[in-house]
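Student: In the working numbering, the protein residues as written are 19 to 406. Take a look at the following structure, please.
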Amino acid sequence: MDLEAFRWLLTAEGARLLDATAASVAAGEDTLACQTRLRRTADPAHVAAALTQATLRVRAREKFGEDADRMYFTPDGLEQATRQRVAAHRAARLVASSATTMVDLGCGIGGDLVAASRAGLTAAGVDLDHVRVAVAQANLDALGLAGAVMVADATTLDTTPFDVAFADPARRSARGRVFDVDGWTPPWPFVEALLTRDACVKVAPGIPHDLVPAGVEAEWVSDHGDVKEAALWSGRLATTERRATVIGDGGLATLTDEDDPGAEVGPVGAFLYEPDGAVIRAGLVTAVAAGVGGRLVDEHIAYVASDASFRTPFAKGYEVLEELPYREKALRAALRERRIGRLTIKKRGVDVVPEQLRKRLDLSGDQEATIVLTRVAGHGVALLVRPF
19 MDLEAFRWLL
29 TAEGARLLDA
39 TAASVAAGED
49 TLACQTRLRR
59 TADPAHVAAA
69 LTQATLRVRA
79 REKFGEDADR
89 MYFTPDGLEQ
99 ATRQRVAAHR
109 AARLVASSAT
119 TMVDLGCGIG
129 GDLVAASRAG
139 LTAAGVDLDH
149 VRVAVAQANL
159 DALGLAGAVM
169 VADATTLDTT
179 PFDVAFADPA
189 RRSARGRVFD
199 VDGWTPPWPF
209 VEALLTRDAC
219 VKVAPGIPHD
229 LVPAGVEAEW
239 VSDHGDVKEA
249 ALWSGRLATT
259 ERRATVIGDG
269 GLATLTDEDD
279 PGAEVGPVGA
289 FLYEPDGAVI
299 RAGLVTAVAA
309 GVGGRLVDEH
319 IAYVASDASF
329 RTPFAKGYEV
339 LEELPYREKA
349 LRAALRERRI
359 GRLTIKKRGV
369 DVVPEQLRKR
379 LDLSGDQEAT
389 IVLTRVAGHG
399 VALLVRPF
């Protein structure tokens, strides 16, 4: 995005063009037609900037809710930004730790800055990119929040004046997603050094457990079942070793390694539980098993069996109705006998592609059902279940 064009959008004239463009996008007007029409009275660069913002605001609603319609974005900045609910959770943890000031090292478009400022923290952000800095400041201003943003190299800053240092290393390059931590910007050695003080670092959810430094808490967070990131907490912010936090319609719940007494492996019972992705990433499946008075169906598979029905924010529950044949031909016959035409296939630990299997089963009945394909004691099983 062109910095000059973006700054023009922040003027009164730019705001009017953006409002008009947003109205056209909301009305479903063809992009090319909208662009052609607006260019008759506005500069092409300004029209392109307005159209980009209007389109990104629509996409941003999933992450930022109603705030998205007042905020500004860049394509990569939106993709990398923290979801509003997750950022709010992190900011609340900082406030609970009695922190009052935070510096965001690599603030992007300012999602975490917004959450920190809204929670009452005095927040400052830096980024190497001039456009992202301008966008982050514009977002604070648009939402009526305090905070300062400037262009700077995070690796050269003295962060000691701040209670907490927060960092979200870029995990993308011109060639796409970067999985090697040494390819992050800033790279892993900078992260390790930062974690020697009171700090929080946003990382990929696939971070290996053995990469987490000793004394640092690793927290995996899911938002309505979607696990997009993890965070490393150090210094006095670290309160446990591993944590799974789930955010849903009912609020927030958290589970730690201190809640995990371990669990045995045993047979499938009357109920089956599918742990949340954050729980699985945190290695706390056995904590879920303990919470529902259950057991693992296989030591290598994240399904929990129990003889009792529980409501838990950490797993989806299913009543086991019966065991069906596992082999495909016999399974097809069993499903057809039950007049099942609409089938949800859950699977774990077996080499099955649900979409392909559903097509091969070629079902056409008037009933709907859910089956779970997994391993129990090393053998494949098919379970007919009912979500509850």
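Glycine included, C-beta positions come from ideal geometry on N, C-alpha and C.
Which of the three DSSP states, helix, strand or coil, is assigned to G309?
Tutor: By one-based count along the sequence shown, residue 309 stands at place 291. If DSSP states are grouped into helix, strand and coil, G309 belongs with the helices.
Student: Taking only three categories from DSSP, how would you classify T263?
Tutor: Locating residue 263 in the sequence shown gives position 245, where the first residue counts as 1. Strand at T263.
Student: Which one of L131, R354, V303, Q53 has the shortest CA to CA distance from K334?
Tutor: Against the sequence shown, residue 334 aligns to sequence position 316. Answer by Cα proximity: V303.
Student: Beta-carbon separation of G367 and R393 under 8 Å?
Tutor: Taking the sequence shown and counting its residues from 1, one reaches residue 367 at position 349. Taking the sequence shown and counting its residues from 1, one reaches residue 393 at position 375. Closer than 8 Å, so yes.
Student: Tell me the residue span of the alpha helix (DSSP H) that contains I298.
Tutor: Here the question's residue 298 lines up with position 280 in the sequence shown. Element bounds for I298: 295 to 299.
Student: Comparing C-alpha positions only, which one of L353, G311, A281, A326 sits nearest to I319?
Tutor: Position 301 of the sequence shown, counting from 1, holds the residue named residue 319. Measuring from the Cα of I319, the nearest candidate turns out to be A281.
Student: Out of curiosity, what's the CA-to-CA distance linking D267 and H242?
Tutor: In the sequence shown, counting from the first residue as 1, residue 267 sits at position 249. In the sequence shown, counting from the first residue as 1, residue 242 sits at position 224. The alpha-carbon atoms of D267 and H242 are separated by roughly 7 Å.
Student: Between the Cα of G284 and the Cα atoms of A217, R313, L342, which residue gives the shortest distance?
Tutor: One-based indexing of the sequence shown puts residue 284 at position 266. With distances taken between Cα atoms, G284 lies closest to R313.
Student: Could you tell me the boundaries of the beta strand (DSSP E) in which D159 lies?
Tutor: Translated into positions along the sequence shown, residue 159 becomes position 141. Run containing D159: none in the beta strand (DSSP E); it sits in the alpha helix (DSSP H), 148 to 160.
Student: Would you tell me roughly how many angstroms separate the C-alpha atoms of R101 and C52, rounded to the nearest one?
Tutor: For the purposes of this step, residue 101 is taken as the residue at position 83 of the sequence shown. For the purposes of this step, residue 52 is taken as the residue at position 34 of the sequence shown. Answer to the nearest angstrom: the Cα atoms are 30 Å apart.
Student: In the DSSP output, what is C218 paired with across the bridge?
Tutor: Walking along the sequence shown from the start, residue 218 turns up at place 200. Paired residue(s): F184, W251.
Student: When the Cα of M134 is compared with those of A114, A152, V149, V153, which residue comes out closest?
Tutor: Position 116 of the sequence shown, counted from the start, is the residue given in the question as residue 134. Checking the sequence, you will find Ala at residue 134 rather than Met. Measuring from the Cα of A134, the nearest candidate turns out to be A114.
Student: Assign K220 to one of two classes, buried (16 or more other C-beta atoms within 10 Å of its C-beta) or exposed (fewer than that).
Tutor: Residue mapping note: residue 220 aligns to position 202 of the sequence shown, counting from 1. K220 comes out buried.
Student: Sorted by chain position, which residues of the same chain lie with C-beta nearer than 6 Å to A40's C-beta, five sequence neighbours on each side aside?
Tutor: Position 22 of the sequence shown holds residue 40. These residues qualify, in order along the chain: A72.
Student: Would DSSP call T272 helix, strand or coil?
Tutor: For the purposes of this step, residue 272 is taken as residue 254 along the sequence shown, with counting starting at 1. Of the three classes helix, strand and coil, the one that applies to T272 here is strand, per DSSP.
Student: Hey, could you find the ends of the alpha helix (DSSP H) W26 is sitting in?
Tutor: Stepping through the sequence shown from its first residue, residue 26 is reached at position 8. Start and end: 21 to 27.
Student: Give the straight-line distance between the Cα atoms of D48 and D200, rounded to the nearest whole angstrom.
Tutor: Taking the sequence shown and counting its residues from 1, the one referred to as residue 48 is at position 30. Taking the sequence shown and counting its residues from 1, the one referred to as residue 200 is at position 182. Approximately 43 Å, taken between the alpha carbons.
Student: Apart from the five residues on each side of it in sequence, which residues of its chain come closer than 8 Å, Cβ to Cβ, to E259?
Tutor: Along the sequence shown, one-based indexing puts residue 259 at 241. Within the same chain, E259 has close Cβ partners E235, A236, T274, D275.
Student: Below 8 Å on the Cβ atoms is my contact criterion, and I expect L27 with A68 to pass it. Report the Cβ-Cβ distance as a whole number of Å.
Tutor: Here residue 27 corresponds to residue number 9 of the sequence shown, with the count starting at 1. Here residue 68 corresponds to residue number 50 of the sequence shown, with the count starting at 1. Indeed, because the Cβ distance is near 6 Å, the residues count as touching under 8 Å.
Student: Closest to A490 by CA distance: which of D380, R360, K365 is it?
Tutor: The structure shown does not extend to residue 490, since the chain is modelled only from 19 to 406, so the question has no answer here.
Student: DSSP beta-bridge partners for W238?
Tutor: Translated into the one-based positions of the sequence shown, residue 238 becomes position 220. Paired residue(s): A248, A262.
Student: What is the residue span of the beta strand (DSSP E) that V199 lies within?
Tutor: As a position in the sequence shown, residue 199 is number 181, starting the count at 1. No beta strand (DSSP E) holds V199; DSSP gives it neither H nor E.
Student: Let me know the secondary structure DSSP gives A66 once reduced to three states.
Tutor: For the purposes of this step, residue 66 is taken as residue 48 along the sequence shown, with counting starting at 1. Of the three classes helix, strand and coil, the one that applies to A66 here is helix, per DSSP.
Student: Just verifying my parser: in three-state terms, what is the DSSP assignment at L359?
Tutor: The residue given as residue 359 occupies position 341 in the sequence shown. Note that residue 359 is Gly in the sequence shown here, rather than Leu. Three-state DSSP puts G359 in a strand.
Student: Could you give the distance in angstroms between the alpha-carbon of F8 and the alpha-carbon of A305?
Tutor: Because residue 8 is not part of the residues shown, which for the chain are 19 to 406, the question remains open.
Student: Since G126 and D186 are thought to touch, with beta carbons under 8 Å apart, how far apart are those beta carbons, to the nearest angstrom?
Tutor: Translated into positions along the sequence shown, residue 126 becomes position 108. Translated into positions along the sequence shown, residue 186 becomes position 168. That pair is a contact at about 7 Å.
Student: Counting only the same chain and skipping the five closest in sequence on each side, list residues whose C-beta sits under 8 Å from that of A308.
Tutor: Taking the sequence shown and counting its residues from 1, one reaches residue 308 at position 290. Excluding sequence neighbours, A308 sits near D277, D278, P279, G280, A281.
Student: Short of 7 Å in beta carbon distance, which residues of its chain neighbour V149, apart from the five on each side in sequence? Order them along the chain.
Tutor: Within the sequence shown, residue 149 is the residue found at index 131, counting from 1. The residues are M19, L21, F24, T92.
Student: Three Cβ pairs or more, each shorter than 8 Å: is that satisfied between the segment 246 to 259 and the segment 208 to 223?
Tutor: Touching, per the Cβ criterion.
Student: Using the Cα positions of V286 and A348, report the straight-line distance between them to the nearest angstrom.
Tutor: For the purposes of this step, residue 286 is taken as residue 268 along the sequence shown, with counting starting at 1. For the purposes of this step, residue 348 is taken as residue 330 along the sequence shown, with counting starting at 1. Cα to Cα, V286 sits roughly 21 Å from A348.
Student: Given a cut-off of 8 Å on the beta-carbon distance, is the pair V264 and S240 in contact?
Tutor: The residue given as residue 264 occupies position 246 in the sequence shown. The residue given as residue 240 occupies position 222 in the sequence shown. Yes. Within cutoff.
Student: If I'm right that V132 touches L163 with Cβ under 8 Å, what's the distance once you round it to whole angstroms?
Tutor: The residue labelled residue 132 in the question sits at position 114 within the sequence shown. The residue labelled residue 163 in the question sits at position 145 within the sequence shown. Right, the Cβ-Cβ distance comes to about 6 Å (below 8 Å), so this counts as a contact.
Student: Within a Cβ cutoff of 7 Å, which residues of the same chain sit near R360, ignoring the five residues on either side of it in sequence?
Tutor: Position 342 of the sequence shown, counting from 1, holds the residue named residue 360. Same-chain partners within the cutoff: E386.
Student: Which whole-angstrom value is the C-beta distance of A66 and L35, which I expect to be below 8 Å?
Tutor: On the sequence shown, position 48 is the one that residue 66 refers to. On the sequence shown, position 17 is the one that residue 35 refers to. So it is not a contact: roughly 11 Å between Cβ atoms.
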